Amino acid sequence: LDMLDSKQQLIQQKLEALLEDQQEIKNRKQAILKAIAYENNSFEQVHYPARKCMILKENIKKDEDIDYLITKLSSELETKISILGNTSTGSFLIADEVGIFHNHSVFILMEEIDHPDFILEEGEYLSLTYHGYYDQHNEHVTKLLNEVEKRGYCYHRPIMEILLIDIHETKDKNEYVTQLQVRIEKKS
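Residue numbering for the sequence shown follows my numbering, starting at 382 and increasing by one per position.
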């Protein structure tokens, strides 16, 4: 009987793991459908609570490095992270001396972590969501910052590029959905 009890316990553990995977897939499908529904070049103002981040600071030479570095960051974390189920990955953008924005470091937003590398402040954020390959961020950062100004706000760094749909969901770069976010506050 002990052997059968052990086997039954093992089957139960596998079932629980499969149910977790199934829920993760459902969540990801919902996130993909939400991302697809965003109108191209649409702005949205949202109040976010403080958000915990894990960061991998690496020199990003080209946009293709982002996917590799996000995977590297997730594997460096000793907790179980699934890129498939985590829609809160991206990079921070910084401007060089001539005002061209470049990816600076990658991040994963993780509420369940006890000791984050960085905490994004609670507050109002303005986002710009666009479709297509995410090497278009310079053009879109300009649009986002112009909209911040037009609405009478100032912004606080960092500017974030969040990959809602990327290489993990599709090989067609035209199907990518990217969201730029920046924390804003009314000018005094």
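We treat Cβ as the ideally placed atom computed from N, Cα and C, and that holds for glycine. This one's a predicted model, so the numbers in the text were calculated from it and none came from an experiment.
#### Entry: C-alpha distance - L605 paired with E401, whole-angstrom precision
The chain is shown from 382 up to 569; residue 605 falls before or after that span and cannot be answered.
#### Entry: Length of the line joining the Cα atoms of L545 and E566
Translated into the one-based positions of the sequence shown, residue 545 becomes position 164. Translated into the one-based positions of the sequence shown, residue 566 becomes position 185. Roughly 25 angstroms separates the two Cα atoms.
#### Entry: N-terminal and C-terminal residue of the beta strand (DSSP E) that L507 is part of
Here the question's residue 507 lines up with position 126 in the sequence shown. Run containing L507: G504 to H512, per the beta strand (DSSP E) assignment.
### Query
Between which two residues does the beta strand (DSSP E) harbouring S423 extend?
One-based indexing of the sequence shown puts residue 423 at position 42. It spans S423 to Y429 - the beta strand (DSSP E) in which S423 sits, taken as one unbroken run.
### Message
Let me make sure I understand the geometry here. Which of D495, I481, N484 and C535 has the alpha-carbon closest to that of E505?
### Response
One-based indexing of the sequence shown puts residue 505 at position 124. Cα-wise, what sits closest to E505 is C535.
### Query
Exposed or buried, which one is D547 when buried takes at least 16 other CB atoms within 10 Å?
Locating residue 547 in the sequence shown gives position 166, where the first residue counts as 1. Counting Cβ neighbours within 10 Å, D547 comes out buried, since at least 16 surround it.
### Task
With a 10 Å radius around its C-beta and 16 neighbouring C-beta atoms as the bar for buried, classify E459 as buried or exposed.
For the purposes of this step, residue 459 is identified with residue 78 of the sequence shown, where counting begins at 1. Reliability fails at E459, whose pLDDT of 49 lies under 50, so the model's placement of it is uncertain and the value that follows must be treated cautiously. Exposed.
### Query
Under 8 angstroms, do H512 and L561 count as touching if we go by C-beta distance?
Sequence index remark: in the sequence shown, residue 512 carries index 131 (1-based). Sequence index remark: in the sequence shown, residue 561 carries index 180 (1-based). No, these two residues do not count as a Cβ contact at 8 angstroms.
### Task
Quick one: grab the DSSP three-state call for S463.
Mapped onto the sequence shown, residue 463 falls at position 82. Note on S463: pLDDT 49, under 50, position unreliable in the model; the coordinate value appears next. If DSSP states are grouped into helix, strand and coil, S463 belongs with coil.
### Task
Assign N484 to buried or exposed, taking buried as 16 or more other Cβ atoms, counted over all protein chains shown, within 10 Å of its Cβ.
Translated into the one-based positions of the sequence shown, residue 484 becomes position 103. N484 comes out buried.
### Query
Which residues mark the beginning and the end of the beta strand (DSSP E) in which M541 is found?
Stepping through the sequence shown from its first residue, residue 541 is reached at position 160. Note, M541: beta strand (DSSP E), Y534 to I546.
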